[in-house]
Amino acid sequence: MDQPISQDAALIEMAAASHPSIPFWHAPDAVRVPLLANCASMGPGEALLESDVIVGDLALSPHWINQHIRPQNPSELRFIHAYGDSMAPTFTDGDVLLVDTGPGAKDPHSREGVYVLQAGDKNYVKRVSPTFDGKLQVTSDNPSSKMVQILNGDHQVTVVGRVVWAWNGRRL
């Protein structure tokens, strides 16, 4: 009697069938990190979809995640595309960024870093640094981009998460 195939098993079977000349191995303990349709801008802002959707996922080894990322909860990781040049040379146009969206990763007051910020109906990738007076300084890494913004609590900005890795493999 045939047993129902799980969704994961069906995806593995489909992936293996699409590349028959390449041996396919699936790690049962792999962490499947969703790739979101919404992207972020390293420039003037990237308009948000009305509701975000998962367009795929990437499987990462728990060992690699614990060695390089160390999130509080690996299920809070997300991949997004980023476009623009305001964060060059840290990121380049079209990079895929790994973002920790967990609660501990959403507080730039406690840790300077590169964050995905939502302002209005747009997503941005910017460097955020706490200032001595408790405000947040938002900047671009590209020396030709002179953007500096001080957030003092009057701005409607949501921290989506902290960028923890770029597809190019450079640690942040």
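Heads up, our numbering is the position in the sequence shown plus 394, with the first residue counted as 1.
Glycine residues also receive a C-beta, built at the ideal position from the N, C-alpha and C atoms.
Asked, Found
"By the three-class DSSP mapping on this structure, what secondary structure does residue 450 have?", "strand"
"Please list the segments of the beta strand (DSSP E) lying wholly inside the region 519-544, counting only runs of 3 or more residues, in order along the chain.", "530-533"
"Spatial neighbours of residue 450 within its chain, please: C-beta separation below 7 Å, excluding the five flanking residues on both sides.", "429"
"Quick one, are the C-beta atoms of residue 558 and residue 463 less than 7 Å apart?", "yes"
"Return the bridge partner residues of residue 517 from the DSSP annotation.", "440 and 512"
"Mind checking which residues open and close the beta strand (DSSP E) that includes residue 428?", "425-430"
"Does the region 451-460 come close enough to the region 501-520 to have 3 or more Cβ pairs within less than 8 Å?", "no"
"In angstroms with no decimal places, state the Cα-to-Cα distance between residue 425 and residue 495.", "15 Å"
"Hey, could you find the ends of the beta strand (DSSP E) residue 479 is sitting in?", "First-last for residue 479: undefined, no H or E at that position."
"For the pair the region 470-483 and the region 523-532, tell me if three or more CB-CB distances fall below 8 Å.", "no"
"Thinking just about the alpha-carbon of each residue, which of 434, 439 and 515 is nearest to the one in residue 472?", "434"
"According to DSSP, is residue 561 part of a helix, a strand, or is it coil?", "coil"
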